[in-house]
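Engineer: One structure, as structure tokens, below. Some questions next.
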Amino acid sequence: MTHKRAETMLTIELNNFVSNNPQSITDDTTLEDLLIRLHTTGFHHLPVIINQNELVGILSAQDVIRTAEKLRVATMTLSGDTFDTLTVRESVARDIMCYHMVTVDEHSCPKYALELMVEQQINCLPIIDNKSISGMLNSTDFVREYSIGGFPSYDHPLRDYIHTNIPRMEVGATLDEAQSVIRNAKTDGLVVLQDDCPLAAISRRQVRDAQCRQSAGEFLGVGFDYESWSSLAVLANQTPKLSPEKCLGDAAMMMIQFGIQTIAITNQNQRLLGVISEADILRVMAKDWN
Numbered sequence: 045m046t047h048k049r050a051e052t053m054l055t056i057e058l059n060n061f062v063s064n065n066p067q068s069i070t071d072d073t074t075l076e077d078l079l080i081r082l083h084t085t086g087f088h089h090l091p092v093i094i095n096q097n098e099l100v101g102i103l104s105a106q107d108v109i110r111t112a113e114k115l116r117v118a119t120m121t122l123s124g125d126t127f128d129t130l131t132v133r134e135s136v137a138r139d140i141m142c143y144h145m146v147t148v149d150e151h152s153c154p155k156y157a158l159e160l161m162v163e164q165q166i167n168c169l170p171i172i173d174n175k176s177i178s179g180m181l182n183s184t185d186f187v188r189e190y191s192i193g194g195f196p197s198y199d200h201p202l203r204d205y206i207h208t209n210i211p212r213m214e215v216g217a218t219l220d221e222a223q224s225v226i227r228n229a230k231t232d233g234l235v236v237l238q239d240d241c242p243l244a245a246i247s248r249r250q251v252r253d254a255q256c257r258q259s260a261g262e263f264l265g266v267g268f269d270y271e272s273w274s275s276l277a278v279l280a281n282q283t284p285k286l287s288p289e290k291c292l293g294d295a296a297m298m299m300i301q302f303g304i305q306t307i308a309i310t311n312q313n314q315r316l317l318g319v320i321s322e323a324d325i326l327r328v329m330a331k332d333w334n
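To convert, count from 1 in the sequence shown and add 44; that's the numbering used here.
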């Protein structure tokens, strides 16, 4: 396979690599509006802007949930009553967002941006033109490019890259339990089991996203069936597996197709051999460029 695509991406600028006009919010967007948006559609990170598209901060789904939880504890402690909805209407994005941001200039090359992501262990980078945001670069953008082909490692078999040091949990565990295990193990995810049989590998991001959407619904008092989309069983059913003979390109394509970041690798007897993650793809991609 030709490596021309990998070589081409060393010379193009980021403004030709990602879509422009990313979704954003203003600094006076209320916490209530953020909770509604998080519950209905979900989001990872949102750039916060003022004036003419000037970037002033980044807000994550976790920032929203942490703030809502702090306000709930404070209001219930003071009033002994239920969560004060007035408080979430008065709290705004500028009170919640992160002012310290890692950004990249739109004239930079994708190689530099990828190395920055891998080094900083982050999943998104605002692309800046002067002080204005012109795009939002996500780790998924790089995996998508890799999945098209043209990289030296594309055809390498998964067996050479899988890692086995990953926690395992039975499918009946809660999202909170799963998140706690992932955090303590300091891994990219975990493997979901049913009677010791691997169902799928679930990424830290999948668990976190489901947690945040579930919590947003609880804060809003919205009634819904948690089992319909926010259980380990549902997440596992949405995540396929691969055999070790498949290549890194196959894993990248599957990640893009299913919107996942971790894939379980099993043999023909469905015995778990290990996992491959989005972070693995990014590290290999960075090595290809070097």
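The beta carbon of each residue, even a glycine, is placed where N, CA and C say it ideally should be.
On the CB-based measure, 16 or more other CB atoms within 10 Å of its CB, does residue 146 come out buried or exposed?
Structural biologist: The residue is exposed, with fewer than 16 neighbouring Cβ atoms inside 10 Å.
Engineer: Give the straight-line distance between the Cα atoms of residue 287 and residue 207, rounded to the nearest whole angstrom.
Structural biologist: Looking at the two C-alpha atoms, the distance is approximately 14 Å.
Engineer: Compute the Euclidean distance between the alpha carbons of residue 272 and residue 260, then round it to the nearest angstrom.
Structural biologist: For residue 272, the predicted structure reports a pLDDT of 48, less than 50, and the residue's modelled location is therefore unreliable. A value from the coordinates is still provided. Rounded to the nearest angstrom, the two C-alpha atoms are 16 Å apart.
Engineer: Are the CB atoms of residue 234 and residue 215 within a distance shorter than 8 Å?
Structural biologist: No, the Cβ-Cβ distance between residue 215 and residue 234 is not below 8 Å.
Engineer: Quick one: grab the DSSP three-state call for residue 259.
Structural biologist: DSSP places residue 259 in helix when its eight states are reduced to three.
Engineer: Quick one: Cα of residue 109 to Cα of residue 99, how far?
Structural biologist: So the two alpha carbons sit approximately 22 Å from each other.
Engineer: Just the Cα atoms here: how many angstroms apart are residue 229 and residue 304?
Structural biologist: Answer to the nearest angstrom: the Cα atoms are 20 Å apart.
Engineer: Of all the options 253, 75, 241, which has the alpha carbon lying nearest to the alpha carbon of residue 111?
Structural biologist: The candidate whose alpha carbon is nearest that of residue 111 is 75.
Engineer: Do you know how far the Cα of residue 219 is from the Cα of residue 285?
Structural biologist: Cα to Cα, the separation comes out at about 21 Å.
Engineer: Just to confirm before moving on: does the CB-CB distance between residue 205 and residue 62 stay below 8 Å?
Structural biologist: The answer is no: Cβ separation not under 8 Å.
Engineer: Note the first and the last residue of the continuous alpha helix (DSSP H) segment covering residue 182.
Structural biologist: Residue 182 -> not in any alpha helix (DSSP H); beta strand (DSSP E) instead, spanning 176 to 182.
Engineer: Output needed for residue 151: all residues of its chain with C-beta closer than 6 Å, excluding positions within five of it in sequence on either side, in chain order.
Structural biologist: Excluding sequence neighbours, residue 151 sits near 57.
Engineer: Got a sec, what are the start and stop residues for the beta strand (DSSP E) residue 247 sits in?
Structural biologist: Here the beta strand (DSSP E) through residue 247 covers 241 to 247.
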